[in-house]
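Trainee: According to numbering that gives the first Met the number 0, the sequence shown is numbered sequentially starting from 0. No residue lacks a Cβ here, since even glycine has one placed at the ideal position from N, Cα and C. Keep in mind the model is a prediction, meaning the values are calculated, not measured. Sharing a structure below in structure tokens format, with a few things to ask.
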Amino acid sequence: MKKILILNGPNLNLLGTREPAQYGYTTLADVEAFCKAHGEKIGYEVECLQSNWEGALIDKIHEAGRLFKAGELLGVVINPGALTHTSIALHDAIKGVDPLPVIECHISNVHAREEFRHHSWVSPAAAGIVVGFGVDGYLVAMDGLVRKTVNSAATKKP
Ligand code: DQA
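Below, the structure written as structure tokens:
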């Protein structure tokens, strides 16, 4: 069974207790569990990794590039947390493993928040972006990844 990789960056281990007005009360363990259950439903094994370390996320993206090339991975859903707004290294890592499809996902609507959250270094390297759907966004991103890569309505001939 092909895999989907779900990556979460800094501070997302605190989901459930961290600023619940922004991010809700669902824990990261809950998110990972419902992503795995959804993966089973749509025919993909789901692997999850959360790290507060930029380098660990970059190493995982490199590994994902190799798995994608080997035909073992469909793509990646990443919520890079605050690294979204700061990390050229993450941008370069995703560019470096092109054409691995990476969907950027944010729980909150970053565009309705502070100005420093409006810019993303990841977006120009992402295959798609999901913003502001709460933790349901991870599922929207998984479905978007599948549509983008295997089931695209956009490329279906009438
Ligand atoms: C976030 C938005 C980022 O601005 C913030 O730094 C996060 C979470 C989100 O999911 O809404 O850590 O990526």
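(1) Counting C-beta neighbours from all protein chains within 10 Å, is the total for ILE87 16 or more, i.e. buried, or is it exposed?
(2) Select from VAL145, GLY133, ALA20, TRP120 the residue whose C-alpha is nearest the C-alpha of ALA81.
(3) Return the residue from the list THR148, GLY15, THR16 that minimises the CA-CA distance to VAL76.
(4) CB VAL134 to CB LEU4, shorter than 9 Å?
(5) Hey, could you find the ends of the alpha helix (DSSP H) HIS37 is sitting in?
(6) Between THR25 and the rest of its own chain, which residues show a CB-CB distance below 7 Å, the 5 nearest in sequence each way excluded?
(7) What number of angstroms, rounded off, separates the C-alpha of SER122 from the C-alpha of GLN49?
(8) Kindly indicate which three-state DSSP category LYS2 falls into: helix, strand or coil?
(9) Please indicate yes or no: does the CB of SER107 lie closer than 8 Å to some heavy atom of the ligand DQA?
(10) Between GLY38 and the rest of its own chain, which residues show a CB-CB distance below 8 Å, the 5 nearest in sequence each way excluded?
(11) Among HIS84, VAL129, LEU72, LEU11, which has the Cα closest to the Cα of GLU114?
(12) Any beta carbon from chain D within less than 9 Å of ALA125's own beta carbon?
(13) Measuring only the C-alpha atoms, how far is MET0 from GLU71?
(14) State whether the segment 53-72 contacts the segment 102-117, with contact taken as three or more CB pairs (one from each stretch) at a distance under 8 Å.
(15) Between which two residues does the beta strand (DSSP E) containing GLY127 stretch?
Mentor: Reading from the atomic positions:
(1) exposed
(2) TRP120
(3) When each option's Cα is compared against that of VAL76, the closest is THR148.
(4) no
(5) Where HIS37 is concerned, the enclosing alpha helix (DSSP H) stretches over 27-41.
(6) Only LEU14, GLY15, VAL134 meet the Cβ criterion.
(7) 19 Å
(8) strand
(9) yes
(10) ILE3, GLU44, VAL45, MET141
(11) HIS84
(12) Here chain D cannot be found, since the structure has a single protein chain.
(13) 8 Å
(14) no
(15) 127-130
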